[in-house]
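Same order as they appear, the protein sequences are chains R and Z. When the count follows UniProt numbering, it moves up by one through the first sequence with no breaks and lands on 760 for the last residue. When the count follows UniProt numbering, it moves up by one through the second sequence with no breaks and lands on 92 for the last residue. C-beta atoms are modelled at their ideal positions from N, C-alpha and C, and glycine is treated no differently. Notes for the one structure printed next.
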Amino acid sequence: MTNSPAITQKKMTVAIIGNPNTGKSTLFNHLSGGHAHIGNFPGVTVEKKVGSVTWDGRSIDLVDLPGTYSLAPRSIDEMVAVDVLLGRQKEVPLPDAIVCIADASNLERNLYLFSQILDLSIPVVLVLNMCDLARSRGIEIDATALSQKLKLPVLCTEAHAGKGVNELKAEIVRIGIGEKHQPLSLFPDAFYHEREQLSEKLQTDEDGIPPDFLVDRLLLDVGGYVESYFEHHTHNGLMDDLRQARTRLKEAGHAVPAMEARLRYSWSRELLKDVIKHPQEHQVTTSDRIDRWLTHRVFGFLFFFALMFFVFQSVFTWAGPAMDLIEAGQGMVEGIVESLISPGPLRSLVVDGVVAGVGGVLIFLPQIVILYFFIAVLEDSGYMARAAFIMDRLMRSLGLSGKSFIPLMSSFACAVPGIMATRVIENRHERLVTILVAPLMSCSARWPVYTLFIAAFIPNIAYLSLAGSPVVTLQGLVLFGMSSIGALVAIPVAWFLKRVCFKGDVAPFVMELPGYKWPSARNVILRVYNRAKSFVVKAGTLIFLTSIIIWATGYFPGDHSEQFKIQQRIETIDSEVQKLEVEIAATDESDQMDLKELQTKKELLSAEQTELNEQQNLVSSQLVESSFLGQAGHWIAPVVKPLGWDWKIGVGVIASFPAREVIISTLGTIYSLGGDVGEDDEGLIGSIRAATWPDGTKVFNVPVAISIMVFFALCAQCAATLMVIRRETNSWLWPVISFTYMTTLAYVGAFISYQVGMLF
Amino acid sequence: MHLKTRYIVFFCVEIVFVTTLNQIIKGQIARITQINGEDAVSIRLMEMGLIDGEEIQLLGKAPLGDPLEFAVRGYRLSLRLNEAKCVEVEIV
Numbered sequence: 001m002t003n004s005p006a007i008t009q010k011k012m013t014v015a016i017i018g019n020p021n022t023g024k025s026t027l028f029n030h031l032s033g034g035h036a037h038i039g040n041f042p043g044v045t046v047e048k049k050v051g052s053v054t055w056d057g058r059s060i061d062l063v064d065l066p067g068t069y070s071l072a073p074r075s076i077d078e079m080v081a082v083d084v085l086l087g088r089q090k091e092v093p094l095p096d097a098i099v100c101i102a103d104a105s106n107l108e109r110n111l112y113l114f115s116q117i118l119d120l121s122i123p124v125v126l127v128l129n130m131c132d133l134a135r136s137r138g139i140e141i142d143a144t145a146l147s148q149k150l151k152l153p154v155l156c157t158e159a160h161a162g163k164g165v166n167e168l169k170a171e172i173v174r175i176g177i178g179e180k181h182q183p184l185s186l187f188p189d190a191f192y193h194e195r196e197q198l199s200e201k202l203q204t205d206e207d208g209i210p211p212d213f214l215v216d217r218l219l220l221d222v223g224g225y226v227e228s229y230f231e232h233h234t235h236n237g238l239m240d241d242l243r244q245a246r247t248r249l250k251e252a253g254h255a256v257p258a259m260e261a262r263l264r265y266s267w268s269r270e271l272l273k274d275v276i277k278h279p280q281e282h283q284v285t286t287s288d289r290i291d292r293w294l295t296h297r298v299f300g301f302l303f304f305f306a307l308m309f310f311v312f313q314s315v316f317t318w319a320g321p322a323m324d325l326i327e328a329g330q331g332m333v334e335g336i337v338e339s340l341i342s343p344g345p346l347r348s349l350v351v352d353g354v355v356a357g358v359g360g361v362l363i364f365l366p367q368i369v370i371l372y373f374f375i376a377v378l379e380d381s382g383y384m385a386r387a388a389f390i391m392d393r394l395m396r397s398l399g400l401s402g403k404s405f406i407p408l409m410s411s412f413a414c415a416v417p418g419i420m421a422t423r424v425i426e427n428r429h430e431r432l433v434t435i436l437v438a439p440l441m442s443c444s445a446r447w448p449v450y451t452l453f454i455a456a457f458i459p460n461i462a463y464l465s466l467a468g469s470p471v472v473t474l475q476g477l478v479l480f481g482m483s484s485i486g487a488l489v490a491i492p493v494a495w496f497l498k499r500v501c502f503k504g505d506v507a508p509f510v511m512e513l514p515g516y517k518w519p520s521a522r523n524v525i526l527r528v529y530n531r532a533k534s535f536v537v538k539a540g541t542l543i544f545l546t547s548i549i550i551w552a553t554g555y556f557p558g559d560h561s562e563q564f565k566i567q568q569r570i571e572t573i574d575s576e577v578q579k580l581e582v583e584i585a586a587t588d589e590s591d592q593m594d595l596k597e598l599q600t601k602k603e604l605l606s607a608e609q610t611e612l613n614e615q616q617n618l619v620s621s622q623l624v625e626s627s628f629l630g631q632a633g634h635w636i637a638p639v640v641k642p643l644g645w646d647w648k649i650g651v652g653v654i655a656s657f658p659a660r661e662v663i664i665s666t667l668g669t670i671y672s673l674g675g676d677v678g679e680d681d682e683g684l685i686g687s688i689r690a691a692t693w694p695d696g697t698k699v700f701n702v703p704v705a706i707s708i709m710v711f712f713a714l715c716a717q718c719a720a721t722l723m724v725i726r727r728e729t730n731s732w733l734w735p736v737i738s739f740t741y742m743t744t745l746a747y748v749g750a751f752i753s754y755q756v757g758m759l760f
Numbered sequence: 001m002h003l004k005t006r007y008i009v010f011f012c013v014e015i016v017f018v019t020t021l022n023q024i025i026k027g028q029i030a031r032i033t034q035i036n037g038e039d040a041v042s043i044r045l046m047e048m049g050l051i052d053g054e055e056i057q058l059l060g061k062a063p064l065g066d067p068l069e070f071a072v073r074g075y076r077l078s079l080r081l082n083e084a085k086c087v088e089v090e091i092v
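Structure follows, in structure tokens:
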């Protein structure tokens with residue numbers, strides 16, 4: 001290294017930009033070694049990926065910008081990329097270099113964005129990615145000639161195979177210390193004259209002179225974000241000046257916005273003239289041939305629905321064993337804690353608060369991993385764009401577009417990855433509507449609630465049997481109804497949000513259909529890993545905290561000493577019974593006297609244990625009733641009365657606000673069984689069936705059961721979902737709105753089901 | 001030529017040669033003549049390379065007849081009928 005140490009030691013910022021589907025993320029993953037820190041820009045939904053690396057002794061921050069076709073911002077989200085490139089984002093310094101990634105098989109269009117980047121006059125390296133794909137389509141590119149014409153470095157890479165990555169690293173280190181180049185200046189002199197005049201007028205304002213690039217955008221983007229930004233931040237006459245400037249340009253034959261596209265595209269065509277050799281035009285590719293089948297009127301639909309069915313089926317069946325394993329692990333940890341800590345508040349906190357809370361989150365991890373695996377494979381192979389293409393017509397009747405389909409589908413397993421998947425939707429309003437209705441899709445956490453109440457109250461009547469086994473049953477129909485009620489309610493909700501709240505915003509559906517390719521294992525694994533990690537960390541911390549809070553409100557105030565005494569005694573008996581069992585096993589069968597004595601001893605202990613268990617359940621339920629949670633339950637009793645609920649159900653619902661599954665264990669505790677019951681527990685079903693109001697009438701009947709299920713089908717009882725909504729929208733407003741509207745819907749739905757149900 | 005015949009010929013020329021992108025049939029190649037409007041859709045279409053003089057081919061339709069899949073500038077682009085309506089083309 002011949003450079004002075006001051007230059008080599010300076011930390012470099014390199015922005016990576018490119019069109020969507022150019023393999024940008026793959027290349028970024030290779031460059032950053034998979035160690036990217038992901039964060040949101042304040043106030044907007046755009047994700048910022050920064051990877052810190054050191055090459056040749058130079059430390060470099062790689063900033064991955066969202067894929068875009070153009071640097072003409074139409075929304076605040078699109079403005080983020082421009083702000084980063086102009087050094088106007090406080091968190092990211094002005095980039096020392098830009099890496100522009102272009103799809104080698106689609107160079108002409110990709111150079112449109114590149115020509116805009118050239119106007120920023122920041123050192124830039126052009127990367128032609130997927131060179132192998134281009135070659136296989138008969139496209140030959142002379143990168144050296146292109147580099148000479150541009151007087152800029154041009155590299156060929158095959159990111160999915162890691163080819164050309166090292167050359168790119170070396171190039172980035174080298175160009176970082178190079179000189180700034182001149183902007184492209186493609187426009188007629190009249191345009192630059194107008195820009196100068198506008199600049200002078202803008203100069204008087206407090207922000208100082210805006211960069212030339214922004215003034216260009218102001219002039220060029222009719223109705224764009226820059227226009228509305230300056231309109232709010234500068235003197236009043238600006239809009240008039242702007243209109244006059246545009247009129248003058250139009251009269252001179254340079255009408256905006258058409259001028260920019262025409263000039264940039266003719267520049268890129270001219271540039272590529274002797275550099276690129278295309279096969280004969282209108283060639284039918286393999287990708288096209290696959291498309292004729294996969295978007296076929298009949299086979300396209302069949303394939304699509306078969307695929308969706310397969311994905312769902314896999315999420316539920318493959319996840320089963322892993323979920324059982326996590327559950328068993330949770331039980332083991334509980335056992336270890338119980339053997340280490342004697343009964344007391346600390347043990348209760350660890351077992352009922354921490355372990356139960358964290359386990360409650362982790363149990364859904366297998367489903368999320370499997371679902372994200374499929375989403376990553378579908379995205380990487382290029383089918384996701386086709387799914388949006390196929391579903392667009394149907395989704396449009398809701399005021400959404402085909403791009404919303406996959407996020408909503410994912411939400412059937414869990415709304416958390418579903419909401420994260422809305423990132424593919426560029427239109428902000430459409431994305432918000434999708435985020436707001438996603439939690440209505442019946443996620444897997446609602447199933448325990450459905451199965452418990454269906455098993456307890458819906459008679460098992462078979463309507464259709466095949467070879468002796470029932471195919472259509474009343475219980476099955478109710479389960480199906482409960483699972484689809486959310487999706488049905490989502491239709492009017494989406495319609496209302498789109499037509500009333502986000503009126504007048506029709507998002508265009510101008511979408512590239514990328515060529516089909518084999519998904520890269522590296523990409524898929526990294527994406528699944530990142531999603532799983534962010535689920536565990538972000539959702540886990542919040543569920544963890546809320547379960548401790550719920551535990552505390554259910555635990556305090558109250559004297560637990562009697563409960564601990566009983567618990568201690570039960571455990572002593574447990575170990576004694578175990579000892580006896582060992583003795584019984586060891587005793588010779590001929591020694592009838594001893595054996596009998598031991599048996600009687602064991603039976604006595606078991607009887608005492610049963611009695612103690614009942615006693616403990618009674619004490620637990622009394623403690624719950626007198627706790628803050630129980631008091632809250634009594635307090636809200638009048639509110640839930642119209643739904644047919646007593647205070648105990650009310651408590652269960654309050655306790656399950658962090659996560660729906662909690663209702664099972666809460667009901668178990670309150671209905672004198674201790675918290676350790678599963679949804680198929682005969683005891684819980686039995687005691688729920690037997691529960692009565694003070695006047696002796698039964699609490700539960702079919703309308704009450706339906707009302708509870710409908711409430712759980714529609715409510716937003718999931719802290720993880722609300723947390724993800726906050727993260728994805730970067731605002732507390734949207735989780736609050738989601739929670740409020742869904743709870744209202746749930747209440748109204750439960751009210752109607754109970755009141756109507758009671759008429760029969 | 002008789003005036004009426006001339007009118008009919010002119011009318012037919014209109015139908016055959018000047019039309020909008022949503023009207024072309026599968027496999028047909030058309031040349032873009034003009035994109036109407038300054039709205040977000042038109043700007044997006046121009047950014048995507050739909051410039052006058054460019055050739056565009058309809059490759060197929062989604063199962064419900066909308067959106068459409070086109071080949072333009074060597075890549076595949078999907079547009080709704082509504083957006084295709086903004087693009088004036090002539091059949092080549």
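- Residue 167 of chain R and residue 88 of chain Z have their C-alpha atoms spaced approximately 45 Å apart.
- A residue is called buried once 16 or more other Cβ atoms fall within 10 Å of its Cβ, and residue 745 of chain R is buried on that count.
- Straight-line measurement puts the Cα of residue 621 of chain R at about 11 Å from the Cα of residue 563 of chain R.
- The region 116-173 of chain R contains, as complete beta strand (DSSP E) runs of 3+ residues, the segments 124-129 and 154-156 (chain order).
- For residue 85 of chain Z, no Cβ of chain R is located within less than 9 Å of the residue's own Cβ.
- Listed along chain Z, the residues sitting closer than 8 Å to residue 222 of chain R by beta-carbon distance are 38 and 43.
- The distance from the Cβ of residue 690 of chain R to that of residue 654 of chain R is about 23 Å, inconsistent with a contact at the 8 Å cut-off.
- DSSP places residue 740 of chain R inside the alpha helix (DSSP H), whose first and last residues are 733-759.
- Of R:377, R:659, R:277 and R:334, the smallest CA-CA separation from residue 108 of chain R is found for R:277.
- Taking 9 Å as the CB threshold, residue 76 of chain Z lines the interface with chain R.
- Along the region 270-295 of chain R, going in chain order, the ones with a CB nearer than 8 Å to a CB of chain Z are 278, 281, 282, 287, 288, 291, 292 and 295.
- Using a Cβ distance threshold of 9 Å, residue 378 of chain R and residue 532 of chain R do not count as a contacting pair.
- Linking residue 696 of chain R to residue 304 of chain R through their CA atoms gives a straight-line distance of about 54 Å.
- Assigned with DSSP and collapsed to three states, residue 103 of chain R falls in strand.
- Against residue 31 of chain Z, chain R offers no close residue; the least beta-carbon distance is about 12 Å (beta-carbon pairs closer than 7 Å).
- At a beta-carbon threshold of 9 Å, the residues of chain Z lying near residue 69 of chain R are 44, 47 and 48, ordered along the chain.
- DSSP assignment within the region 464-528 of chain R yields the following whole alpha helix (DSSP H) runs of 4 residues or more, N-terminal first: 474-496.
- Between residue 739 of chain R and chain Z, the shortest Cβ-Cβ separation is not below 9 Å.
- Straight-line spacing of the CA atoms in residue 380 of chain R and residue 519 of chain R works out to 5 Å.
- Under the DSSP definition of a beta bridge, residue 75 of chain Z partners with Z:72.
- Residue 729 of chain R and residue 404 of chain R have their C-alpha atoms roughly 16 Å apart.
- With contact defined as three or more Cβ pairs closer than 8 Å, the region 60-71 of chain R and the region 8-19 of chain R are in contact.
- Spanning the alpha carbons of residue 410 of chain R and residue 667 of chain R requires a straight line of approximately 29 Å.
- The three-state secondary structure of residue 64 of chain R, taken from DSSP, is strand.
- Approximately 17 Å separates the beta-carbon atoms of residue 93 of chain R and residue 175 of chain R; this is outside 8 Å, ruling out the contact.
- Contact with chain R is found for residue 59 of chain Z, since one of that chain's Cβ atoms lies less than 9 Å from the residue's Cβ.
- Taking the beta carbon of residue 392 of chain R as reference, the chain Z residues within 9 Å of it are 62, 64, 66, 67, 78 and 80, listed in sequence order.
- Contact of residue 106 of chain R with chain Z is assigned, a C-beta pair being separated by under 9 Å.
- Look at the region 507-520 of chain R: the residues with a C-beta under 9 Å from a C-beta of chain Z are 507, 508, 509, 510, 511, 512, 513, 514 and 515.
- Along the region 235-266 of chain R, the positions whose C-beta sits under 7 Å from a C-beta of chain Z are 257, 258, 261, 262 and 265, read in chain order.
- For residue 91 of chain Z, not one C-beta of chain R is nearer than 9 Å to its own C-beta.
- Listed in chain order, the non-local C-beta contacts of residue 81 of chain Z below 6 Å within the same chain comprise 22 and 66, local neighbours out to five positions each way being set aside.
- By the neighbour-count criterion, in which a residue is buried when 16 or more other Cβ atoms sit within 10 angstroms of its Cβ, residue 367 of chain R is buried.
- For the 9 Å CB-CB criterion, residue 156 of chain R and residue 139 of chain R do not form a contact.
- Residue contact check for residue 25 of chain Z against chain R: no CB pair falls below 9 Å.
- With respect to residue 186 of chain R, residue 150 of chain R sits apart: the two C-beta atoms are not nearer than 9 Å.
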